[in-house]
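For reference, the structure is listed below as structure tokens.
Chains as they are written, first to last, in our numbering: chain C, 3 to 688; chain A, 3 to 688.
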């Protein structure tokens, strides 16, 4: 028995004859557009529709062409479905236009210009619940969220969010699978949109007409992460990350969901220029954060992945005074401001994965003298970077969090790398009720935990770089000490990955994961080999280019000191490259194929350019329109050798320099799996 | 940071050097086959594999060719993931071969021949939990389930089941979407396997080599229904239907999951011959159920869907004494044993959809005299068929269940149609704790409820035919009074569906929904029009053929008496056709295109044949090999007229008869959207 029919029957006044329903049986369900709005530049238009069963949906046009076809809005709540019998109550629109400054970032100033549409919706039956749907329309996309008004002392239990994204046109999509609820460390699928399965966000797609879209979310606060399942056709539907206990999200109203975001541009490089995710987050809540400075850092890390050292104690322990001093000297000598040390604290000797019951966040192994090493580092103008691996034992970590942060603060450590190496279901934390419960990496409990760590760390003037994190959703705007995240396959897969990262991997990251925020990828393995000499599928020059292409305010120089000594020419770029930017231009790119990015050093006049390719060779024409007018620049070029190739000629490399000026067109030749890095320095008096 | 590496590191004895891991970095994860078994006929072989991280998977070959590639086994439990660090403990195999009798069904005797493989698995770490995976291998497919041994007083909380079905070859799939958690009333998608989205089961696929498979489940008892999400490629993964409260399933061990089933055959007709789902259910627990007899039934129903009558009271009330008597007389005159009456009881006048707060299951509207009508029916050799619409208010229904069933038993009613017209989240019932909670149509709570109704009904010698039911999983074997279900788009969509059922709909049902069990489709609308004269996309002959093609032990004769009077020739077949069978042969078919089924009347010598087509005309050669040797049969043929067409010549119809014998080949011509029905009656002395 079909429901909408009976439902309709009951929703209508008894007087209204059913015959009305049958006037044109073949005509699709009648729908009324109850609200519309467009972006300030007029390119994007959203329409909010109430169908004749009282179902709520939205659609989006761009430049007069459908971008998102009718897509459902709604919730499955613990006290019933909030999706049918909905009626339009009221609407309001308001423009907004301001420009805000990032303490550090891809660009110093960000323009935040949008039109907001607020639509108030009410149930016509049952509990007569009310909620608003709020849209913000930008030139580079839109965000929308649900807002629940005050509704008594009972918490709102969200069993599922029914939000849909029904892409109007065919195209190719890039995505990683969801459903393991584990981590974001997968190789990217490149499939037709109609072949998307169950995906984590961002999901990026290139539509038939070349338009690029990416679906993600912004400001994931006290809510579960959104995944997308393709129900059928090109209709993607929200599936919230689960967790233990009642509902996927439990909140006291008033509250609002994260922003559901659709970034859109005419091409891939336009997509990578978008600031939508940042703009949809709240302004800085921490005030002055000048106690953290973007930096490059070395560390005791790669040697563990090579298995020449261990995290655990014993003859091959990596975090020894002697070895750490070696790295401090290396950092100091080359101008790197930080030294990460993993495996310094007690707890690595047992079975720690997904357990972490032995980790101690204030007590170090006897062969690691934290005060002495901190002092030594300081004497060298370097600081240690802290490390807190939880293995998912969040309850234990939180119980030591304040002491752990206070210790680091005393030691002059102002950046900590956290880790959550655990499977879904391994993570345990204490709920609001103080009881131990399981959590998923991207569930509501972990969203709360990550913000708690970031907020507590801020009080101790410590910045956080989370690995196996919750997804990035632009919260670095509100909490600038959340400087970076991992959240994708990083360099360590080139040490032991089965398979290691393919040559296209970073060209996928630029247009997917990196749209969400900075990534601590740790580029720069100039030795180009992993454990047992497993070759890294990259050229030498590409390793340099990654420092510009993959943005992070904290960039590791991860290879072993003795390895860098072997490649002084290439290493020079790593020493020179900036980590903080006043401006960024994505000059060209195709998802998964190639990308070229130019960034202007913040607090300086230098520009840096990075260009990377997938497994194919290509030559890119790059107009130097970003350089200042009338200035001559010395271009220090680090390029692939003529015969360079990711397979067999990985080390074929050339360094050369020439003078260039704005308006010139640079021809950048990238080898298969190759790259190019350039430093542009203004030359006085020319 | 990649996990399997560290995990491996910890899982191994400390002594074992990591180098072992790197001997061949590019080689896939090592896997060990720990158990194997094959079907009695040797066609199917299953292998159970433990991968080097202690992940459990299985694969299936058929006739030496991969059918299901490595597919994950595991659970996400409230107390952690049961999926890594698993080790083989022991295995045992046992053959089984018996034949059992159905009280009614598609065939009288069913052979249940399989080899069982039991694999005991244990966790190597953490809680050291234990469980078994049990496989049963048949010629027509396999089933497997998880069995949890006794493990203390704490209930096992299942957050998700990680079971995968990774189809080894490309092919075409037929499926309906999941994720609304509402009902099973959707049009079928026909897509490449790689374009399956989020699907309800059964999911049926035709592989490149012609092999047909269908994935479903058997014996869904006290557990949540399984849906399938295509994560990527051809890898389908279980998503259990959610519900309110903690976990998707909560059970006290020992317990086992339903059987996850894979039916397989060389062609579509072979698939439709499978008894796998029934065989994987427990034997009859009710004993003698002769108090119910398969029957055809008329009723007060279609006129409401035409909106000439109403369920609610008032001038157009359908369930009046006068109108019911009219239907009783019609049934009696034509030999139909039952008369369904909807809208007889109090509660239909308010907003009942998804509410049902007014429904009274023992008190009737004043214009409906249950005792009088029951007595009148009995005097005519007819019985009333009861109706219990809950609108999802299961709590209210259960509170009146015993009284409602007792009343019907007193009135001589021994079949009841139940209904659950509600959306996910609208359904409310009382949990084990007596508290009101929401439920989803196919969640664990509803699995419990449906079996409760069926069990209670049996005590009152009442059979149940559930609409908007939980999916069919063969429980009719164990509880034979669960005679039928709806659970797909039925005939009523042809009254007001937008769109109505397309001509291919029933040819989809035969190879998808009907694999799960009987369906109360209610064929036989000879007037071929819905509300406002909306044309039904079928020929007259096809309406007759559906009585044979779509199996149910209770078949409705739903059209209005005056409509049947208009088509005496066609109506004759509906009067003659049997509803219980000693044998069934699916003679040919292609999913969504056509199907021909022959069935032998139980307790008689007649054979009946039904053949249906989609929107295309076709001529099928049908060898009459099912007829008895040496007998001559009078074939009463009800066929499409030469110009019949579902669009404009729906009523073009011919009836003819001829003598036939086994060995002859019948040429069956089906019009576009057409069908053919034949009754074969042995002719004495020839």
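All C-beta atoms in this analysis are idealised placements derived from N, C-alpha and C, irrespective of residue type, glycine included.
Could you round the C-beta distance between residue i and residue j to whole angstroms and report it? I think they count as a contact, below 8 Å.
i	j	result
residue 84 (chain C)	residue 113 (chain C)	At roughly 35 Å, the Cβ-Cβ gap does not stay under 8 Å, so residue 84 (chain C) and residue 113 (chain C) are not in contact.
residue 568 (chain A)	residue 582 (chain A)	In fact, because the Cβ distance is near 29 Å, the residues do not count as touching under 8 Å.
residue 48 (chain C)	residue 144 (chain C)	6 Å
residue 526 (chain C)	residue 576 (chain C)	5 Å
residue 200 (chain A)	residue 291 (chain C)	Going by Cβ atoms, the distance from residue 200 (chain A) to residue 291 (chain C) rounds to 43 Å, so no, they are not a contact pair.
residue 462 (chain C)	residue 402 (chain C)	Going by Cβ atoms, the distance from residue 462 (chain C) to residue 402 (chain C) rounds to 13 Å, so no, they are not a contact pair.
Is DSSP giving residue i helix, strand or coil here?
i	result
residue 494 (chain A)	coil
residue 176 (chain C)	strand
residue 465 (chain A)	strand
residue 455 (chain C)	helix
residue 232 (chain A)	strand
residue 411 (chain C)	helix
residue 192 (chain A)	strand
residue 575 (chain C)	helix
residue 691 (chain A)	In the structure as shown, chain A begins at 3 and stops at 688. Residue 691 (chain A) is therefore absent and cannot be evaluated.
residue 527 (chain C)	coil
residue 570 (chain A)	helix
residue 42 (chain C)	coil
residue 208 (chain C)	strand
residue 331 (chain C)	helix
residue 304 (chain C)	helix
residue 625 (chain A)	strand
residue 70 (chain C)	strand
residue 298 (chain A)	strand
residue 105 (chain C)	coil
residue 430 (chain A)	strand
residue 225 (chain C)	coil
Kindly list, in the order they appear in chain C, the residues whose Cβ is closer than 7 Å to that of residue i.
i	result
residue 133 (chain A)	Under the 7 Å cutoff, chain C gives no residues; its nearest Cβ is about 15 Å from residue 133 (chain A).
residue 127 (chain A)	353
residue 191 (chain A)	234
Under 8 Å between beta-carbons, which chain C residues line up against residue i? List them in chain order, please.
i	result
residue 79 (chain A)	427
residue 239 (chain A)	181 and 200
residue 319 (chain A)	The contacting residues do not exist; residue 319 (chain A) stays about 13 Å from chain C at best.
residue 248 (chain A)	246, 247 and 248
Give the interface partners of residue i over in chain A, defined as CB-CB distance under 7 Å, in chain order.
i	result
residue 197 (chain C)	196 and 197
residue 86 (chain C)	425
In chain A, which residues lie with their C-beta within 8 Å of the C-beta of residue i?
i	result
residue 231 (chain C)	181, 199, 200 and 231
residue 719 (chain C)	Outside the shown range of chain C, which is 3 to 688, sits residue 719 (chain C), and nothing can be said about it.
residue 156 (chain C)	In chain order: nothing, as chain A lies at least about 14 Å away.
residue 435 (chain C)	Those do not exist, as residue 435 (chain C) stays about 13 Å from chain A at its closest Cβ, beyond 8 Å.
Tell me the DSSP bridge mates of residue i?
i	result
residue 583 (chain A)	A:603
residue 678 (chain C)	C:613
residue 256 (chain A)	Residue 256 (chain A) is not bridged to any residue.
For a contact defined as C-beta to C-beta under 9 Å, what are the partners of residue i on chain C?
i	result
residue 82 (chain A)	356, 425, 427, 428, 430 and 440
residue 444 (chain A)	Residues of chain C passing the Cβ test: none, with the nearest at roughly 14 Å.
Could you tell me whether the segment 472-484 of chain A touches the segment 431-440 of chain A, using the rule of 3 or more Cβ pairs below 8 Å?
no
Counting beta carbon pairs with one atom in the segment 265-280 of chain A and one in the segment 588-600 of chain A, are three or more of them shorter than 8 Å?
yes
Between the segment 318-333 of chain C and the segment 536-547 of chain C, do at least 3 Cβ pairs fall closer than 8 Å?
no
Cβ pair count under 8 Å reaching 3, the segment 501-509 of chain A against the segment 453-472 of chain A:
no
Measuring CB atoms only, is the segment 646-663 of chain A touching the segment 624-633 of chain A, in the sense that at least three cross pairs come out at less than 8 Å?
yes
Per the contact definition of three or more C-beta pairs closer than 8 Å, is the segment 674-684 of chain A in contact with the segment 603-620 of chain A?
yes
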